[in-house]
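Shown next, in structure tokens, is the structure this report addresses.
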Amino acid sequence: MEDIHVIRTGLLAVNTLIVPIGKETPKKVFVVDPATSDFSRDTNKVVEYLQKNKLECVGILLTHTHFDHIMGVKVIKDAFPNAKIVVHRAEASEINDAPGKMNCDILSLFQMEPLIRSLSNLPRADILLEDNYNLSVLCDSNSSEREEIIFLKKCLEQWKVIHTPGHSPGSVCYYNEEMQFLISGDTLFDYGGYGRTDMTGGDELLLRKSLNKLGQIIKKGTKVYPGHDSFGFSF
1198 MEDIHVIRTG LLAVNTLIVP IGKETPKKVF VVDPATSDFS RDTNKVVEYL QKNKLECVGI
1258 LLTHTHFDHI MGVKVIKDAF PNAKIVVHRA EASEINDAPG KMNCDILSLF QMEPLIRSLS
1318 NLPRADILLE DNYNLSVLCD SNSSEREEII FLKKCLEQWK VIHTPGHSPG SVCYYNEEMQ
1378 FLISGDTLFD YGGYGRTDMT GGDELLLRKS LNKLGQIIKK GTKVYPGHDS FGFSF
């Protein structure tokens, strides 16, 4: 598998990730945390990249549902209607009943209430995650391309879902042990940093437990792709 491609998007420069699924299907990818918006004047930035490179988005994965990580979900879903929106069960309401309480509280805290309306038309989540799931849930069992589905499922099974609450209740990391990739969202940043816990849904103790959990699971040398700032550093 090729390296993950990073596009900085949205008002807070989120690392939106374009992740190729496998070498034999190089044109199928999943997109993590699309943050594009009219407010940041990059609404179509990710879609244009996908279309220019003739890539097919099969999944829209969320590491958590803070407003800065989800504002581009609708434009990706509109461009790729078959792509499945994936989020942890603990934050399903922030997508399915958007704008949810957590985002309303956070946007009010930052005096960014005008953004609340932009979250009101998000498409509903297709898949609700739990800890220890893997991404084979993205496979469409009704597809007529059975051989391709079998291969995709095998590749997607390598991606493990790790529930890492603390920054938010439904924060998750996506870990591919074989490829040595960790998509950490705002749970883990470079130089031992991590996401803030002083907003609605945050919990410092839970986050510290989540970081300890990652330390027990993730192999040294794994490339880490967080939600902001530098990426591709070693765990």
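Each residue of the sequence shown is one higher than the one before, starting from 1198 at the first, in the working numbering. Yeah, the Cβ is synthetic: ideal placement off N, Cα and C, and Gly gets one too.
Worksheet item: Any idea if K1281 is buried or exposed, counting beta-carbon neighbours within 10 angstroms, 16 or more meaning buried?
Response: buried
Discussion item. With three or more beta-carbon pairs closer than 8 Å as the criterion, would you say the segment 1285-1297 touches the segment 1231-1244?
Written reply: Taking a cut-off of 8 Å on C-beta distances, the segment 1285-1297 does not touch the segment 1231-1244, as fewer than three cross pairs fall below it.
Discussion item. Closest to E1291 by C-alpha separation, out of N1279, L1312 and A1322, would be which residue?
Written reply: A1322
Discussion item. For a quick check, are the C-beta atoms of L1353 and C1370 less than 8 Å apart?
Written reply: Not closer than 8 Å, so no.
Worksheet item: How long is the line joining the alpha carbons of V1358 and V1272, rounded to whole angstroms?
Response: Per the coordinates, the alpha-carbon of V1358 lies some 25 Å from the alpha-carbon of V1272.
Discussion item. Please list the terminal residues of the continuous beta strand (DSSP E) segment that includes L1326.
Written reply: According to the DSSP assignment, L1326 belongs to the beta strand (DSSP E) that extends over I1324 to L1326.
Item to complete: Just mark D1275 as buried or exposed, buried being the case when its beta carbon has 16 or more other beta carbons within 10 Å.
Response: exposed
Discussion item. Could you give the first and the last residue of the continuous beta strand (DSSP E) run that contains I1359?
Written reply: W1356 to H1360
Worksheet item: Pick from P1278, K1417, L1326 and P1423: whose alpha carbon is nearest that of P1320?
Response: P1278
Discussion item. I want to know whether the segment 1206-1225 touches the segment 1251-1269 - three or more CB-CB distances under 8 Å.
Written reply: yes
Worksheet item: What separation, rounded to the nearest whole angstrom, lies between the Cα atoms of N1250 and K1225?
Response: 11 Å
Worksheet entry | Contained beta strand (DSSP E) runs [length at least 3] in the segment 1224-1312, N- to C-terminal order | 1253-1258 and 1281-1285
Item to complete: Could I get the ranges of all uninterrupted alpha helix (DSSP H) runs contained in the segment 1365-1426, with 4 residues as the minimum, in chain order?
Response: 1401-1414
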